[in-house]
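*Asks:*
In my numbering, the protein residues as written are 205 to 616.
1) Answer with buried or exposed for residue 211, where buried requires no fewer than 16 other C-beta atoms within 10 angstroms of its C-beta.
2) Taking 7 Å as the threshold (C-beta atoms), are residue 290 and residue 366 in contact?
3) Quick check on DSSP: helix, strand or coil for residue 544?
4) Under three-state DSSP, which class holds residue 455?
5) Can you check whether the C-beta of residue 507 is within less than 7 Å of a C-beta belonging to chain C?
6) Below 8 Å on the Cβ atoms is my guess for residue 421 versus residue 439; work out the distance and round it to an integer in Å.
7) Specify whether the stretch 367-374 and the stretch 385-400 touch according to this definition: at least 3 beta carbon pairs, one from each stretch, less than 8 Å apart.
8) How is residue 476 classed by DSSP in three states: helix, strand or coil?
9) With 16 other CB atoms within 10 Å as the buried threshold, where does residue 470 fall?
10) Name the DSSP bridge partner or partners of residue 337?
11) On the CB-based measure, 16 or more other CB atoms within 10 Å of its CB, does residue 472 come out buried or exposed?
12) What first and last residue would you give for the beta strand (DSSP E) that runs through residue 576?
13) Out of 322, 523 and 485, point me to the one whose CA is closest to residue 513's CA.
14) DSSP three-state call for residue 560: helix, strand or coil?
15) Taking C-alpha atoms, which residue in 417, 405, 411 and 529 lies nearest to residue 399?
16) Output the boundary residues of the beta strand (DSSP E) element that contains residue 247.
17) Determine which residues share a DSSP beta bridge with residue 256 and list them.
18) Assuming contact is defined by CB atoms lying nearer than 7 Å, are residue 337 and residue 239 in contact in what I supplied?
19) DSSP on residue 298, reduced to helix/strand/coil?
20) Using C-beta distances below 7 Å, list every residue in its chain close to residue 531, excluding the 5 sequence neighbours before and after it, in chain order.
21) Can you look up residue 583 in the DSSP assignment and give me helix, strand or coil?
22) Can the beta-carbon of residue 299 be found closer than 7 Å to that of residue 361?
23) For residue 307 versus residue 323, is the C-beta distance shorter than 7 Å?
24) Would you say the stretch 307-320 touches the stretch 270-278, given that touching needs at least three Cβ pairs under 8 Å?
25) Residue 254 and residue 295 - do their beta-carbons sit closer together than 7 Å?
26) Residue 213 and residue 247 - do their beta-carbons sit closer together than 7 Å?
27) Quick check on the DSSP output: what are the complete beta strand (DSSP E) runs of length 3 or more inside the stretch 333-421, in order along the chain?
28) I'd like to check one pair, residue 447 with residue 476: are the Cβ atoms closer than 7 Å?
29) Helix, strand or coil: which one does DSSP assign to residue 251?
30) Quick one: is residue 353 buried, meaning 16 or more other Cβ sit within 10 Å of its Cβ, or exposed?
31) Is DSSP giving residue 315 helix, strand or coil here?
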């Protein structure tokens, strides 16, 4: 398909996804394009591949994307138009006679694609032709032709004259609405990026400056070439199952003044001790006013040396956590899980991994002495000091059994 969709200022397009051809086969896609001229694209469903097999251009009027509470990924790049485009289409000579309606305008020739135009008619003659999309990729010497089709004229107008011109700049992107918009492509639009609501997740790259409102957030593992003014939330995901942390790279200035840094675990384990870079920057202004998800003992270094640089990144520092007697799985809680582990290994001799199997005093055995240590340290240490919840009935039974064994042993 060679279809062109022009989204002009004031226009709204709502769709669950947009694709060219069958949305799967590259050979069937043709030269279709979605052209942003200030209009708003609204998504009405979650979609992991929203824009398929077609180009998307951001012209000087900019693009607005409203995720409306949905999570949407655009894998195609949002492009700045390049080269030359159609600047004007002028009538040349006879304007025609007896037109019943506006003829279609077809633009052909040259190296570029995507140029579109519409004609206007009054009193049976053509009064003007307006380029609705200049297209992209034309060369200065291209011979581009505009042909008029239909309209029911008694006498057709003379062929109009097409003038090309170079682009000065492209527009920017406004992220609107709740939900997450993930940009996974190598985006080249150059206007500013504004995150007004929801989350902008950058897994590819963008070349512009980014401003994040106080009501919005930014995340990702991609690259931002411009500056970032972060007034909202910097969401950082880590995976404790694989001991990885997302790294967002900002080539320019990162301003965190008044922001919130929020850590969230995608795994179910415990993050290994280490130093994890979560953001690299060209320069840094301020630090977050609030930090969420920072576990006990963890810290953030805002002037960490990364990849040969000096004081050019933010790192999460996870120390080798001092073991809590009774905590077999390192979650900084002494609870039913640890009691079950001790019961499973009761009476066994254990080696180097004895602590994880219930040997809390290091004598190589899992026995009643270890049960007393577990009971004495029962509680939640994730916030630093212990808070001691009431054990569940099953946990009480395990503890009672273990302590009873301790009593029997002492009587002997």
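The beta carbon of each residue, even a glycine, is placed where N, CA and C say it ideally should be.
*Replies:* Reading from the atomic positions:
1) buried
2) yes
3) helix
4) strand
5) Looking at the structure shown, chain C is missing, and only one protein chain is on hand.
6) 5 Å
7) yes
8) coil
9) exposed
10) 320
11) exposed
12) Element bounds for residue 576: not the beta strand (DSSP E) but the alpha helix (DSSP H), 572-580.
13) 485
14) helix
15) 417
16) 244-247
17) 223
18) yes
19) coil
20) 537, 538 and 542
21) strand
22) yes
23) yes
24) no
25) no
26) no
27) 349-353, 365-370, 377-380, 384-387, 397-399, 402-406 and 414-416
28) yes
29) strand
30) exposed
31) coil
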